[in-house]
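The structure under discussion appears below in the form of structure tokens.
Protein chains: 2
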Amino acid sequence: MIRPHVHGAIADRLRAAGLRPTRQRLALATVLLADGRDRHVTAESLHREVRARDVAVSLATVYNALHQFTNAGLLREVVVDAARSYFDTNTTHHHHFYDEDSRSLIDIPGSGIDVAHLPEPPPGSEIAQVDVVVRIRRPAQAAGASVRGSKR
Amino acid sequence: MIRPHVHGAIADRLRAAGLRPTRQRLALATVLLADGRDRHVTAESLHREVRARDVAVSLATVYNALHQFTNAGLLREVVVDAARSYFDTNTTHHHHFYDEDSRSLIDIPGSGIDVAHLPEPPPGSEIAQVDVVVRIRRPAQAAGASVRGSKR
DNA sequence: GTGTTTGCAAAGTGTTTGCAATTTA
DNA sequence: TAAATTGCAAACACTTTGCAAACAC
Chain Y
424 MIRPHVHGAI
434 ADRLRAAGLR
444 PTRQRLALAT
454 VLLADGRDRH
464 VTAESLHREV
474 RARDVAVSLA
484 TVYNALHQFT
494 NAGLLREVVV
504 DAARSYFDTN
514 TTHHHHFYDE
524 DSRSLIDIPG
534 SGIDVAHLPE
544 PPPGSEIAQV
554 DVVVRIRRPA
564 QAAGASVRGS
574 KR
Chain W
424 MIRPHVHGAI
434 ADRLRAAGLR
444 PTRQRLALAT
454 VLLADGRDRH
464 VTAESLHREV
474 RARDVAVSLA
484 TVYNALHQFT
494 NAGLLREVVV
504 DAARSYFDTN
514 TTHHHHFYDE
524 DSRSLIDIPG
534 SGIDVAHLPE
544 PPPGSEIAQV
554 DVVVRIRRPA
564 QAAGASVRGS
574 KR
């Protein structure tokens, strides 16, 4: 049985990135890129989402795909939390709010922040990227409650 | 046998932070804070350093102490690499170069960067902190060598 | 003395990897 | 058919935790 090329814009983007449009990658890329919305995912959240669409994909494949997509420039990795990796479908220059309570990311448009007076990088090195993370929280309670360490 | 209070500036800082100046915490705090230099450590690097001074401290205790020191305001945690946590003895407002090749941090003085036009945080939240990470690298080789993925 | 801290080893997280089976082109 | 990809389970690196022994005050 002859199977023709998979057709569609997403398949083309994968091919253009040098990635075979397999069933798994198509499902992942579709969730991530199909509607053009800016999305922030973790491996776990993406895995959940794809399975909710009844596509069987292993978590290992999700991790692999996220890195392949990132290397191909389809995604960008955002480091904001030591505990897990985030990937952003918006690969243009921009910064982030990071909500430390809900552990969620919000894009700040590239023009939203001016970083000025960047010092020279140390000799022999070049600036690869400038990341600005604005950490936000629900305001701390004012009233009597004493401040106790919160379980991590 | 009566043992008096441990004396010394470091011991006092620990007490002021509500932490008993135990042998382990004293050794860790001394390495970190005694000479007033700005230092960036990981649990692993600090553990190595303290042991090099022939003080027996378990890695678990180093982790615990780093968090206790951080909660007490003696240190500041810096998130730049998903693979490990960094702690900075400089708790004042400032930003960082992060050398992705050597995985090392370099302080940028508070005045070294201007972040302007910060947008309003989402309703109900407040800005807890603004982190700027300038990622630096050795410039990519220009010559013929093809670009292959580097093992992580 | 009594509550705190330590160290160990075990458990936990998120992530990566080796490899046989499967799939793509 | 040949090469790329997948899934599983095991391995990993880093970090946290339960608990008895050691320690600070």
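Chains as they are written, first to last, in my numbering: chain Y, 424 to 575; chain W, 424 to 575. Glycine included, each C-beta is placed from N, C-alpha and C at the ideal position. Remember, predicted model here, so these are calculated numbers, not experimental data.
- The C-beta of His-540/W comes closer than 8 angstroms to at least one C-beta of chain Y.
- It is roughly 47 angstroms from the alpha-carbon of Pro-532/W to the alpha-carbon of Pro-444/Y.
- Here Glu-549/Y carries a strand assignment [DSSP, helix/strand/coil].
- Under DSSP, Glu-543/W shares a beta bridge with no residue.
- The beta-carbon distance between Ala-466/W and Tyr-486/W, rounded to whole angstroms, is 5 angstroms. This is short enough to meet the 8 angstroms contact definition.
- A check of alpha carbon separations from Gly-496/W across Ala-563/W, Leu-482/W, Ser-534/W, Leu-456/W identifies Leu-456/W as the nearest.
- DSSP places Asp-537/W in the strand class (E or B) of the three-state scheme.
- Of the candidates His-430/Y, Asp-461/Y, Arg-474/Y, Asp-537/Y, the residue whose Cα lies closest to the Cα of Asp-530/Y is Asp-461/Y.
- Minimum Cα-Cα distance from Val-557/Y among the listed residues Phe-520/W, Arg-436/W, Pro-545/W, Arg-561/W corresponds to Pro-545/W.
- Within the same chain, and ignoring the five residues on either side of Thr-484/W in sequence, the residues whose Cβ sits closer than 7 angstroms to its Cβ are Gln-447.
- Secondary structure note for Val-485/W: its alpha helix (DSSP H) is the uninterrupted segment 482-494.
- Identification of chain Y residues near Ser-508/W by a Cβ-Cβ cut-off of 9 angstroms yields Ala-505, ordered along the chain.
- Contact of Glu-523/W with chain Y is assigned, a C-beta pair being separated by under 8 angstroms.
- Among the residues of chain Y, none has a CB under 9 angstroms from the CB of Gly-496/W; the nearest is roughly 12 angstroms distant.
- Taking 8 angstroms as the cut-off between beta carbons, the residues of the segment 541-566 of chain W near chain Y are Leu-541, Pro-542, Pro-544, Pro-545, Gly-547, Ser-548, Glu-549, Ile-550, Ala-551, Gln-552, Val-553, Asp-554, Val-555, Val-556, Val-557, Arg-558, Ile-559, Arg-560, Arg-561, Pro-562, in sequence order.
- Counting every other CB atom within 10 Å of its CB across the protein chains shown gives His-463/Y a total of 16 or more, marking it as buried.
- Taking the beta carbon of Val-502/W as reference, the chain Y residues within 7 angstroms of it are Val-502, Val-503, Asp-504, Ala-505, listed in sequence order.
- By the beta-carbon neighbour count (other beta carbons within 10 angstroms, threshold 16), Leu-528/W is buried.
- Boundaries of the alpha helix (DSSP H) harbouring Asp-435/Y: 432-439, taken from the DSSP string.
- With 16 or more neighbouring CB atoms inside 10 Å of its own CB, Thr-512/W falls in the buried class.
- DSSP places Arg-499/W within a strand segment (E or B) once states are collapsed to three.
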